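In my numbering, the protein residues as written are 35 to 444. Before any comments, here is the structure.
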């Protein structure tokens, strides 16, 4: 079966079937085993079995479109593990987590894309939020739907440093914790709050002294289920991930314990392919360095690289078909070299030029800028990736069954 035929079959199938050619490419056959092992525990309803995913990407995951398409499908199938990591503030209006209601104002932001923090301590989400007077963040569970209605575990992610001050966390209007973030040196901290499982509103405010340094808030349920963290890095080039201090980043991931890294960068790097400042070998080397950097503290972390969608433009630059083909080739090469799986979004759309065809559909599946998918397109792409993952998951289960030792007859 050709790749195109397989993609069409995946889009049309109500349930994944063993005969399908996987659209998630994995020559090793084991790149996603760690993720699938955790997913199986969640599926078997083991007590507290949360499967955590870190989905890191550029504006291709803006507005939480693609991540939420995957989160919704995963949580419907395996259980609602919660909204996951939520930023304390917004650098871009395109930041959103659709699993919560979020209101935030008054925080100053240092964003990794600008290299604004010489320490390289950008937290789990690549953003440092400073609590100026009047700053406030409100995060609430959803009011409707089957998912996002409950939370039982809340965790504040912050750091102590000499400029710090109090951060107060209120739950449903009552003070649940006040932490003093002032200390002699920069040290990452976390503060966990247990609440009765159900609907809650969380508010985080600085206490009026100093400018406390915060990263975000994690919301989870007791499980079992899937938690899909959205870390959108709007406008970031892939190489900006190297601005993370290695030890700090390793500590952040060690505390969060994700079972899968999904990396969806490259859209902004198409500008460099367009102006000739980078080529396939050069970008493959860069992406390999980024994957090594992100996984340095957890080299066994399962990973999936999501290739760029088709583009007609990248910012002010015109993008031609050979540019997208070139960057996808680099992404595939780097993914396989680092032991990751790969999803070819360009092929899923139909190849170079498909961004215009997707725009003409009803409803349109690409945005007017011809470099992003529409809301409907992001949901469609999420469905394709989800079904591809489920095909691989079924293969993992069959392999595990074959490799299971025969019970002793003695």
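Think of the CB as a built atom: it goes at the ideal place given N, C-alpha and C, for glycine as much as any other residue. All figures in this text were calculated on a predicted structure; none of them were measured in a lab.
First through last residue of the alpha helix (DSSP H) which encompasses residue 317: By one-based count along the chain shown, residue 317 stands at place 283. Run containing residue 317: 314 to 328, per the alpha helix (DSSP H) assignment.
As assigned by DSSP and simplified to three states, the class of residue 393: Reading the chain shown from its first residue, position 359 is the one you call residue 393. Looking at residue 393 - three-state DSSP - the assignment turns out to be helix.
Under the three-state DSSP convention, the category residue 358 falls into: Mapped onto the chain shown, residue 358 falls at position 324. Three-state DSSP puts residue 358 in a helix.
Unbroken beta strand (DSSP E) run spanning residue 101, endpoints: Numbered from its first residue, the chain shown carries residue 101 at position 67. Per DSSP, residue 101 belongs to no beta strand (DSSP E); it is in the alpha helix (DSSP H), 99 to 112.
Per-residue burial, residue 303 [other beta carbons within 10 Å of its own, 16 or more giving buried]: Here residue 303 refers to the residue found at position 269 of the chain shown. Its Cβ being crowded by 16 or more others within 10 Å, residue 303 is buried.
Close Cβ partners of residue 360 (< 6 Å) along its chain, the five nearest in sequence each way excluded: For this step, residue 360 is matched to residue 326 along the chain shown. Excluding positions up to five away in sequence, the list reads 307, 314.
Host beta strand (DSSP E) of residue 187 (start-end): For the purposes of this step, residue 187 is identified with residue 153 of the chain shown, where counting begins at 1. Unbroken beta strand (DSSP E) run through residue 187: 185 to 194.
Cβ-Cβ distance between residue 88 and residue 420 below 8 Å: Sequence index remark: in the chain shown, residue 88 carries index 54 (1-based). Sequence index remark: in the chain shown, residue 420 carries index 386 (1-based). No, the Cβ-Cβ distance between residue 88 and residue 420 is not below 8 Å.
Beta-carbon spacing of residue 305, residue 348 below 8 Å: Start at 1 with the first residue of the chain shown, and residue 305 comes out as number 271. Start at 1 with the first residue of the chain shown, and residue 348 comes out as number 314. Their beta carbons are under 8 Å apart, which means residue 305 touches residue 348 by this criterion.
Residue burial classification, residue 94 (beta-carbon count within 10 angstroms, cutoff 16): Reading the chain shown from its first residue, position 60 is the one you call residue 94. Under this definition residue 94 is a buried residue.
Given residue 97 as reference, the closest of 268, 137, 312, 382 once Cα atoms are compared: Taking the chain shown and counting its residues from 1, one reaches residue 97 at position 63. The shortest C-alpha separation from residue 97 is found at 268.
Local Cβ density within 10 Å of residue 254, reported as buried at 16 or more and exposed below that: As a first step, residue 254 is located in the chain shown; it is residue number 220 there, counting from the start. Under this definition residue 254 is a buried residue.
Per-residue burial, residue 106 [other beta carbons within 10 Å of its own, 16 or more giving buried]: As a working note, residue 106 is residue 72 in the chain shown. Classification of residue 106: buried, given that the 10 Å Cβ count is 16 or more.
Residue 418 (DSSP reduced to helix, strand or coil): On the chain shown, residue 418 is found 384 positions in, with the first residue counted as 1. Residue 418 falls in the helix class under three-state DSSP.
Coil, strand or helix - residue 146 by DSSP: Mapped onto the chain shown, residue 146 falls at position 112. It is helical.
Residue 48 - DSSP class collapsed to helix/strand/coil: To locate residue 48, count along the chain shown from 1; it is residue 14. Its pLDDT being 35, under 50, residue 48 is placed unreliably in this model, and the value from its coordinates should be taken loosely. The answer is coil: DSSP assigns residue 48 none of H, G, I, E or B.
Sheet register partners of residue 128 (DSSP bridge): For the purposes of this step, residue 128 is taken as residue 94 along the chain shown, with counting starting at 1. Bridge partners of residue 128: none, in fact.
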